[in-house]
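K.L.:
Be aware that the sequence shown starts at 1, since it is given in UniProt numbering, and climbs by one per residue. All C-beta atoms in this analysis are idealised placements derived from N, C-alpha and C, irrespective of residue type, glycine included. So that we are looking at the same thing, I have put the structure below in structure tokens.
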Amino acid sequence: MTDHEYHQLAEALMFTIEEQVDDCEADLDYESGEGILEIIFADRSKIVINKQAPLHQVWVATKFNGHHFELRGDQWIDNRSGAEFWQFMNEATTRQAGQTVEWQSAL
């Protein structure tokens, strides 16, 4: 994957979440810029998603732990647990929000 391809895919991933925050039933907000997306919860905790361009990875930090995702085929996979990004985000956001949150991949 080229650097250009990585940036397009990582930015599309974050933009997909941004588009869904307003439609989410949970009380969520977000801030984004410079390759970082912060999902902000009602209790002011955050999930931070940021691009790690030199590694072609996307890192996710929740209030519980951190994960490093890399593209394998057409899916972002956590290189430690093997979790797929969207499934992980559904579980992590639901846990942190205290109510069901479901993100949908744009693919």
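Is Phe64 helix, strand or coil by DSSP?
P.N.:
Reduced to three states, the DSSP call for Phe64 is coil.
K.L.:
Could you give the C-beta distance for Leu37 and Met14, rounded to a whole number, given that I count them as a contact under 8 Å?
P.N.:
The pair is a contact, with the Cβ atoms about 4 Å apart (cut-off 8 Å).
K.L.:
Could you name the residues of the same chain whose beta carbon sits closer than 6 Å to that of Val60, not counting the 5 residues immediately before and after it, in chain order?
P.N.:
Ile49, His67.
K.L.:
Whole angstroms is fine: what's the gap from Pro54's alpha carbon to Ser32's?
P.N.:
Approximately 20 Å between the Cα atoms of the pair.
K.L.:
Please classify Trp86: does DSSP put it in a helix, a strand, or coil?
P.N.:
Trp86: helix per DSSP, three-state reduction.
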